[in-house]
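Residue numbers (my numbering), protein chains in the order written: chain D, 5 to 258; chain V, 5 to 258. For reference, the structure discussed in these notes is given below.
Protein chains: 2
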Amino acid sequence: MRSAEELRALVEDALTELALHEDLAGLDEALRYSVEGGGKRIRPVLCVAVGEALGGEAEQLLPAACAVELVHSFSLVHDDLPALDDDAVRRGRASTWSHYGEAVGILAGDALLAEAFRLAASYPTTAVVRELADATLGMIGGQYLDVTASATDLASLNRLKTGRLFEAAVRCAVVACGAEIQAPWRAFAQELGALFQLVDDLLDGDGTVLAYGADETRRRADEAAERAAAALSELEVDSTVLRGLVESLATRTA
Amino acid sequence: MRSAEELRALVEDALTELALHEDLAGLDEALRYSVEGGGKRIRPVLCVAVGEALGGEAEQLLPAACAVELVHSFSLVHDDLPALDDDAVRRGRASTWSHYGEAVGILAGDALLAEAFRLAASYPTTAVVRELADATLGMIGGQYLDVTASATDLASLNRLKTGRLFEAAVRCAVVACGAEIQAPWRAFAQELGALFQLVDDLLDGDGTVLAYGADETRRRADEAAERAAAALSELEVDSTVLRGLVESLATRTA
Numbered sequence: 005m006r007s008a009e010e011l012r013a014l015v016e017d018a019l020t021e022l023a024l025h026e027d028l029a030g031l032d033e034a035l036r037y038s039v040e041g042g043g044k045r046i047r048p049v050l051c052v053a054v055g056e057a058l059g060g061e062a063e064q065l066l067p068a069a070c071a072v073e074l075v076h077s078f079s080l081v082h083d084d085l086p087a088l089d090d091d092a093v094r095r096g097r098a099s100t101w102s103h104y105g106e107a108v109g110i111l112a113g114d115a116l117l118a119e120a121f122r123l124a125a126s127y128p129t130t131a132v133v134r135e136l137a138d139a140t141l142g143m144i145g146g147q148y149l150d151v152t153a154s155a156t157d158l159a160s161l162n163r164l165k166t167g168r169l170f171e172a173a174v175r176c177a178v179v180a181c182g183a184e185i186q187a188p189w190r191a192f193a194q195e196l197g198a199l200f201q202l203v204d205d206l207l208d209g210d211g212t213v214l215a216y217g218a219d220e221t222r223r224r225a226d227e228a229a230e231r232a233a234a235a236l237s238e239l240e241v242d243s244t245v246l247r248g249l250v251e252s253l254a255t256r257t258a
Numbered sequence: 005m006r007s008a009e010e011l012r013a014l015v016e017d018a019l020t021e022l023a024l025h026e027d028l029a030g031l032d033e034a035l036r037y038s039v040e041g042g043g044k045r046i047r048p049v050l051c052v053a054v055g056e057a058l059g060g061e062a063e064q065l066l067p068a069a070c071a072v073e074l075v076h077s078f079s080l081v082h083d084d085l086p087a088l089d090d091d092a093v094r095r096g097r098a099s100t101w102s103h104y105g106e107a108v109g110i111l112a113g114d115a116l117l118a119e120a121f122r123l124a125a126s127y128p129t130t131a132v133v134r135e136l137a138d139a140t141l142g143m144i145g146g147q148y149l150d151v152t153a154s155a156t157d158l159a160s161l162n163r164l165k166t167g168r169l170f171e172a173a174v175r176c177a178v179v180a181c182g183a184e185i186q187a188p189w190r191a192f193a194q195e196l197g198a199l200f201q202l203v204d205d206l207l208d209g210d211g212t213v214l215a216y217g218a219d220e221t222r223r224r225a226d227e228a229a230e231r232a233a234a235a236l237s238e239l240e241v242d243s244t245v246l247r248g249l250v251e252s253l254a255t256r257t258a
């Protein structure tokens, strides 16, 4: 079983070497630009780690892991567009649309999403595609609630916008290994998504921090981390690396 | 075997009754708006007709047919955006972005694409998803060549922008029926895509008409129709309805 850092290196290599569709012509440059740029690769590492915990080979999990990361990239590329969050900068450099123009930004996001499904369809089962489509639609629904300011509560919004793709990272790995998504896996995935968002809010001083204060947010994050660890205890798998991921998500400072 | 008109009614009903993802919340209205509005449903009808020619039941083909139509809708919704073709009107009414705003236009297109893959993943095989992803990426690549004016020739551009999705309509039906995509099916699909685009150019007076004149465009369209019919003759299927579709594509006036 490999460490999280080894898994991260594997994921990074797989993303760099991704064989994009030949018909994309020059658009592939904008896709690579969007996927590069120093993301933490938390979701794909989580995906591969879940697969390894289930006894799968990391290499077999990489298409699913990359698919989840491409959906994440797609969402960032489109969310940054002027009509949505209007962010010209992402991770310290020009966002895709501000580097390549808005038309290419839209098309690059579209292509990232289609590439994600192409990767997800490389398994013998359609289950990976179904999990990914489910998560993507939830995420888009969350973004819709956000831009139209029509969410009923912050937790539900976060569960859609952030949680769904964390859940997909776990669920895609489980089904890619041919296993059933047991209740503890579902719980683990949900708690991890909540944990990530709560710590994000702590680091950015917004969301839950604005609504309930930093102490309450920290308390909720710690509870989510505890529940994630408890869910792992219910699973008969080697969860060493996954426990480390929970710990690093709970204590991250960036 | 049902007539093209009966198939069109089936497709229309299936699109109307499409169960969109529950997490889309209020965004579903923009998706329905985008899919409604009087399209000719040529691609999904073609998909179902190919399936029936192969001995499949129309009902079994409907998810694939609807998936192809959703990808078509996605492409229209995004192509109409201000950063791309900037069309405020589509089929005589406000385009999706001009009706719901640009942010919702982007998100609705994204959701249509994800819904398409969700439908395509409802088959026991991943082949439908793979065909659809392939076609979608080719189509996006074509749109990129178009907006950046970097296509080397008109025929290759059309083959990507229009042809790929016609090919997907045929190919998805074949693989959904568990059949192999034999060479005549590939040829039939390609010729049909070319035929559609050439007649489009004749009706709009652009593209091939501008480059080579109306007579030459008509000649090419008739040749494509002949080759499509010839391809059908090589297949041991009941191609009555498909021959009718070729004929109606060749002689359409709208």
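We put the beta carbon where it would ideally sit given N, CA and C, even for glycine.
Roughly how many angstroms separate the alpha carbons of residue i and residue j, rounded to a whole number?
| i | j | result |
| --- | --- | --- |
| C70 of chain V | E135 of chain D | 20 Å |
| D89 of chain D | V75 of chain V | 25 Å |
| A57 of chain D | A8 of chain D | 12 Å |
| D79 of chain V | R168 of chain V | The residue you asked about is not Asp; residue 79 of chain V is Ser in the sequence shown. Those two C-alpha atoms are separated by around 12 Å. |
| A13 of chain D | L239 of chain V | 50 Å |
| G55 of chain V | E184 of chain V | 12 Å |
| F170 of chain D | D219 of chain V | 57 Å |
| T140 of chain D | Q194 of chain D | 15 Å |
| D210 of chain V | Q147 of chain V | 17 Å |
| A233 of chain V | L249 of chain V | 10 Å |
| D27 of chain V | V108 of chain V | 15 Å |
| A125 of chain D | E119 of chain V | 15 Å |
| H82 of chain V | E106 of chain D | 12 Å |
| T221 of chain D | S160 of chain D | 16 Å |
| V15 of chain D | G59 of chain V | 44 Å |
| G96 of chain V | L22 of chain V | 24 Å |
| L246 of chain V | L123 of chain V | 24 Å |
| T152 of chain V | Y104 of chain D | 11 Å |
Nearest CA to the CA of residue i: which residue from the options?
| i | options | result |
| --- | --- | --- |
| V3 of chain D | D:D90, D:A125, D:G109, D:V49 | The requested residue 3 of chain D does not occur in the structure, where chain D is confined to residues 5 to 258. |
| L196 of chain V | V:D138, V:V241, V:E230 | V:E230 |
| L116 of chain V | V:A155, V:R36, V:V54 | V:R36 |
| D150 of chain V | D:R168, D:L85, D:G30, D:A228 | D:G30 |
| T20 of chain V | V:G41, V:V203, V:V245, V:E26 | V:G41 |
| H25 of chain V | D:A183, D:D83, D:G145 | D:G145 |
| A98 of chain D | D:E61, D:A107, D:D84 | D:D84 |
| R224 of chain D | D:Y127, D:D205, D:A137, D:V81 | D:D205 |
| A198 of chain V | V:N162, V:D17, V:V241 | V:N162 |
| P86 of chain D | V:I110, V:F170, V:A177 | V:I110 |
| L66 of chain D | D:F192, D:T212, D:E106, D:A180 | D:A180 |
| E227 of chain V | V:T244, V:F192, V:S243 | V:F192 |
| L158 of chain D | D:A125, D:Q201, D:C176 | D:Q201 |
| V132 of chain D | D:A177, D:A23, D:A34 | D:A177 |
| M5 of chain V | V:S237, V:D32, V:E61, V:T152 | V:E61 |
In or out: residue i buried (at least 16 other Cβ within 10 Å) or exposed?
| i | result |
| --- | --- |
| A92 of chain V | exposed |
| L207 of chain D | exposed |
| P165 of chain V | It should be pointed out that residue 165 of chain V corresponds to Lys in this sequence rather than to Pro. With 16 or more other Cβ atoms within 10 Å, it is buried. |
| D114 of chain V | buried |
| M143 of chain D | buried |
| S77 of chain D | buried |
| T130 of chain D | buried |
| T257 of chain V | exposed |
| P128 of chain D | exposed |
| T100 of chain D | buried |
| S252 of chain V | exposed |
| L214 of chain V | exposed |
| E73 of chain V | buried |
| A187 of chain D | exposed |
| T255 of chain V | exposed |
| T212 of chain D | buried |
| R47 of chain V | buried |
| R94 of chain V | buried |
| D242 of chain V | exposed |
| A68 of chain V | buried |
| S38 of chain V | buried |
| D138 of chain V | buried |
What does DSSP give as the partner residues of residue i in its beta bridges?
| i | result |
| --- | --- |
| A98 of chain V | V:V93 |
Mind checking whether the beta-carbon of residue i lies closer than 7 Å to any heavy atom of the ligand FMN?
| i | result |
| --- | --- |
| A254 of chain D | By its list of ligands, the structure shown contains no ligand whatsoever, and the ligand FMN lies outside what it can speak to. |
Scan the region 86-118 of chain V for residues whose Cβ lies nearer than 9 Å to a Cβ of chain D and list them as they occur along the chain.
P86, A87, L88, W101, G105, E106, A107, V108, G109, I110, L111, A112, G113, D114, A115, L117, A118
Compile a chain-ordered list of the residues in the region 137-152 of chain D whose CB is closer than 8 Å to at least one CB of chain V.
A137, D138, T140, L141, G142, I144, G145, G146, Q147, Y148, L149, V151, T152
Members of the region 19-37 of chain D that neighbour chain V once the beta carbon cut-off is set at 7 Å
H25, D27, L28, A29, G30, L31
Report the residues of the region 150-183 of chain D with a CB closer than 8 Å to any CB of chain V, ordered along the chain.
With the criterion set as a beta carbon lying under 8 Å from some beta carbon of chain V, the members of the region 150-183 of chain D are V151, T152, S154, L164, R168, in sequence order.
Going along the chain, which residues of the region 38-50 of chain V sit with their C-beta nearer than 8 Å to a C-beta in chain D?
none
Going along the chain, which residues of the region 119-130 of chain D sit with their C-beta nearer than 8 Å to a C-beta in chain V?
E119, F121, R122, A124, A125, S126, Y127, P128, T129, T130
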